[in-house]
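Residue numbers (this note's numbering), protein chains in the order written: chain H, 356 to 686; chain Y, 7 to 172. Beta carbons: idealized from backbone N, C-alpha and C, even for Gly. Here the structure is a predicted model, which is why all the values come from computation and not from measurement. Working notes for the structure below.
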Amino acid sequence: MRPFAYDRPDTAAAAVAAVADRPDAAFLGGGTNLVDHLRLGIADPGLLVDVTSLTSTEIVDIDGGLRIGAGVTNADLAADPRVRARLPVLAAALLSGASGQLRNMATTGGNPLQRTRCPYFQDPASACNKRVPGSGCAAIGGATRNHAILGASEHCIATHPSDMAVALAALDTQVRILGPDGGRTLAFTDLHRLPGDTPEQDTELAHGELITAIDVSYPRGRHAYRKVRDRASYAFALVSVAAVLDVVDGTVLDARIALGGVAHTPWRAVRAEDTLRGGPATEEAFAAAAEAELADARPQPGFDGGNAFKIPLARRTLTATLRQTTPRETA
Amino acid sequence: MDPELTLTVDGATHTTTCDTRTSLLDLLRRRLGITSPKKGCDHGQCGACTVLVDGRRVLSCLTLAVTRDGAEVVTAAGIDGPLPQAFQEADGFQCGYCTPGQVCSAAGVLDEHARGWPSVVTADLTDTPALDDAEIAERMSGNLCRCGAYKGIREAVRTAAGAATR
């Protein structure tokens, strides 16, 4: 590990200036991903700017929702009574992720910015366009069980690992960002990028831009988060689904759905939502929505058997999660 | 020059310097000679390095020591009372390597439960359920035991939870 300087400025603006100043500087939040990257040799910043004590650790009421400070830990967010009662899809997603120890460390600002757990990305000896642009992709044709079925490119088939981000993508979420030229707000669904031919860029954030808070609105409807994985706990999703369905008299007034484990981004299921909205909340409608969402899914072959299984798995998990959000008498 | 930092570990205050790259785990074990927290994977996947920092269970291998200047650290060696005793009585270990992490994690679980925190297996997230086997297994899932002493570990946590609520 290359030696690095460590700085803990007093204000977010000073932290932004410190990182923007140096191309090899990075923000340090809970460290659960970045510290591992230092040790694996896949990140080698010359300066770490600790932002844990200068971004807000408060969750405050705003009109129709919550403003979550970037420094709020995943554990504190999941434990908040307002989140548990009015954003249960977010609480469940948070509690599905990682372990109790990691949730005490990971932050609201850092969690969505964690990087893929693609084993080839995490192995400096493997070709990886995300780690070393232009070096190729060892994942393609490799072990692809955990790789993408939607939105992948010939350059990268990695998936986004966060559970929290899947719930945030389904909800009406705004990301508050401070950069060297001032503040801006970005819809959460515009934060992450598909890999295309620049998989090294996970998000739309420029160097030096810092997430300071995340605003989430309370949606109408019933919530569910369902995660399918290779062991019952403390594992990343093969497929996960966050859904909020507002059903009145058997009709879907609104649907908010996102998928995890299937793409380079938390995948907002726009096609499934459009299929459902205005129609009946029936088993047939749920199946049609899942069918529509997965219509363009493409499996990755792999020496581990590939990931074609994820397409029917995603379809069925989506259908089952929608069923979970629907009062029994109308399903 | 390496930064200076002060930590309280199991009640004793230590002031030392360390390279910015040093993990809290390496600082405790190699600089301060406090070997209760163990290095299992060093990647945040096994839980053997779990300690309490300012009352919360965290992974000391993924914590840079320099970020915790002024913190109060508790290792398993600093925990006494019903919890470690319950591990002994329930045979909650075999080789013992993961045990200090299990004990610290269990202390965190009991505290989180006392604060009313739910887990993902809690049927109603607005509720705080009793610590039954399913809740304990879920809340302790960040601590692996390669000997497979999970049955005894669950029993120890259940016993300690009972002692805590009596």
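So which residues of chain Y does residue i contact, with C-beta pairs closer than 8 Å?
i: H:N466; result: Simply none; closest approach about 14 Å.
i: H:S588; result: V126, A143, E144 and S147
i: H:T544; result: Within chain Y, no residue comes near H:T544; the closest Cβ sits about 24 Å away, beyond 8 Å.
i: H:A446; result: P124 and L131
Residue i to residue j, Cα distance in whole Å?
i: H:A640; j: H:Q477; result: 40 Å
i: H:G386; j: H:T637; result: 44 Å
i: H:F382; j: H:Q556; result: 16 Å
i: Y:K45; j: Y:A167; result: 27 Å
i: Y:C110; j: Y:D60; result: 13 Å
i: H:A610; j: Y:Y156; result: 41 Å
i: Y:D48; j: Y:C67; result: 5 Å
i: H:A686; j: H:G605; result: Reliability fails at H:A686, whose pLDDT of 42 lies under 50, so the model's placement of it is uncertain and no value is given.
i: H:A306; j: H:V521; result: Only positions 356 to 686 of chain H appear in this structure, which leaves residue 306 of chain H out of reach.
i: H:E646; j: H:L673; result: 10 Å
i: Y:G98; j: H:I566; result: 43 Å
i: H:A643; j: Y:G87; result: 57 Å
i: H:A513; j: Y:T69; result: 26 Å
i: H:H510; j: H:L614; result: 22 Å
i: H:N429; j: H:G633; result: 35 Å
i: H:D405; j: H:V603; result: 47 Å
i: H:M519; j: H:L445; result: 6 Å
i: H:T597; j: H:Y580; result: Looking at the sequence itself, residue 597 of chain H is Ala, so the reference to Thr does not match. Distance between the alpha carbons of H:A597 and H:Y580 is about 4 Å.
i: H:L668; j: H:G384; result: 34 Å
i: H:R575; j: H:G419; result: 11 Å
i: Y:A113; j: H:G551; result: 46 Å
i: H:L677; j: H:A561; result: 36 Å
Should residue i be flagged as near chain C, meaning a C-beta pair shorter than 7 Å?
i: H:S490; result: Here chain C cannot be found, since the structure's protein chains are H and Y.
Under the DSSP definition of a beta bridge, which residues are partnered with residue i?
i: H:V390; result: In the DSSP output, where bridge partners are listed per residue, H:V390 has none listed.
i: Y:C104; result: None; Y:C104 has no bridge partner.
i: H:L677; result: The partner list for H:L677 (beta bridge, DSSP) is empty, contrary to what the question assumes.
i: H:T462; result: H:T428
i: H:K582; result: H:S595
i: Y:T22; result: Y:L11
i: H:A568; result: H:G424 and H:R531
i: H:I414; result: H:I423
i: Y:T56; result: Y:L65
i: H:L402; result: H:A360 and H:A380
i: H:G657; result: H:G496
Output, in chain order, the set of chain H residues within a Cβ distance shorter than 9 Å of residue i.
i: Y:L30; result: Near Y:L30 there are no residues of chain H at all, since even the closest Cβ is about 10 Å away, more than 9 Å.
i: Y:G17; result: Going along chain H, no residue has its Cβ under 9 Å from Y:G17, so there is no contact; the nearest lies around 21 Å.
i: Y:P206; result: Because residue 206 of chain Y is not part of the residues shown, which for chain Y are 7 to 172, the question remains open.
Could you tell me which chain Y residues have their CB closer than 9 Å to the CB of residue i, listed as they occur along the chain?
i: H:F359; result: T26 and R27
i: H:M356; result: R27
i: H:P386; result: The amino acid at residue 386 of chain H is misidentified as Pro; the sequence shows Gly. Here the neighbours are L68, T69, L70 and T73.
I believe residue i touches residue j by the beta-carbon criterion, under 8 Å. Please report the beta-carbon distance rounded to the nearest angstrom.
i: H:H578; j: H:P436; result: Not confirmed; about 15 Å, so no contact.
i: Y:T26; j: Y:T19; result: Y:T26 to Y:T19, Cβ: 22 Å. No contact.
i: H:N662; j: H:I504; result: 6 Å
i: H:N459; j: Y:R63; result: 6 Å
i: Y:L150; j: Y:G53; result: 6 Å
i: H:A360; j: H:L402; result: 5 Å
i: H:L593; j: H:N466; result: Contact flag wrong, Cβ pair sits at about 19 Å.
i: H:Q469; j: H:S517; result: 6 Å
i: H:K665; j: H:P554; result: At roughly 19 Å, the Cβ-Cβ gap does not stay under 8 Å, so H:K665 and H:P554 are not in contact.
i: H:T499; j: H:Q655; result: 4 Å
i: H:T540; j: H:R548; result: Actually they are not in contact, since the Cβ atoms of H:T540 and H:R548 sit about 18 Å apart, beyond 8 Å.
i: Y:A77; j: Y:A162; result: Contact doesn't hold; Cβ gap of about 27 Å is too wide.
i: Y:C24; j: Y:R37; result: 6 Å
Anything in chain H within Cβ reach of residue i, meaning under 7 Å, just list it in chain order.
i: Y:V64; result: Q456, N459 and M460
i: Y:R152; result: Neighbours of Y:R152 on chain H: none; closest Cβ ~15 Å, over 7 Å.
i: Y:V115; result: G455
Would you mind telling me which residues of chain H sit closer than 8 Å to residue i, beta carbon to beta carbon, in chain order?
i: Y:S111; result: G455 and Q456
i: Y:R121; result: A434
i: Y:G53; result: S454 and Q456
Starting from the beta carbon of residue i, find every residue of chain Y whose beta carbon is closer than 7 Å, and list them in chain order.
i: H:D391; result: H49, G50 and L68
i: H:A440; result: T132
*At 4 residues or longer, and completely inside the stretch 67 to 94 of chain Y: list those alpha helix (DSSP H) runs for me, N to C.*
Secondary structure within the stretch 67 to 94 of chain Y: not one fully enclosed alpha helix (DSSP H) run of 4 or more consecutive residues is present.
*May I have a chain-ordered list of the alpha helix (DSSP H) segments no shorter than 4 residues that lie completely inside the stretch 362 to 388 of chain H?*
Runs of the alpha helix (DSSP H) lying entirely within the stretch 362 to 388 of chain H, each at least 4 residues long, are 367 to 376 in chain order.
*What are the start and end residues of each continuous alpha helix (DSSP H) run of 4 or more residues lying completely inside the stretch 478 to 563 of chain H, in chain order?*
If we require 4 residues or more, the alpha helix (DSSP H) runs fully inside the stretch 478 to 563 of chain H come out as 519 to 525.
*Give, in chain order, every unbroken run of the alpha helix (DSSP H) that is at least 4 residues long and sits entirely within the stretch 587 to 636 of chain H.*
Within the stretch 587 to 636 of chain H, the complete alpha helix (DSSP H) runs of at least 4 residues are 625 to 631.
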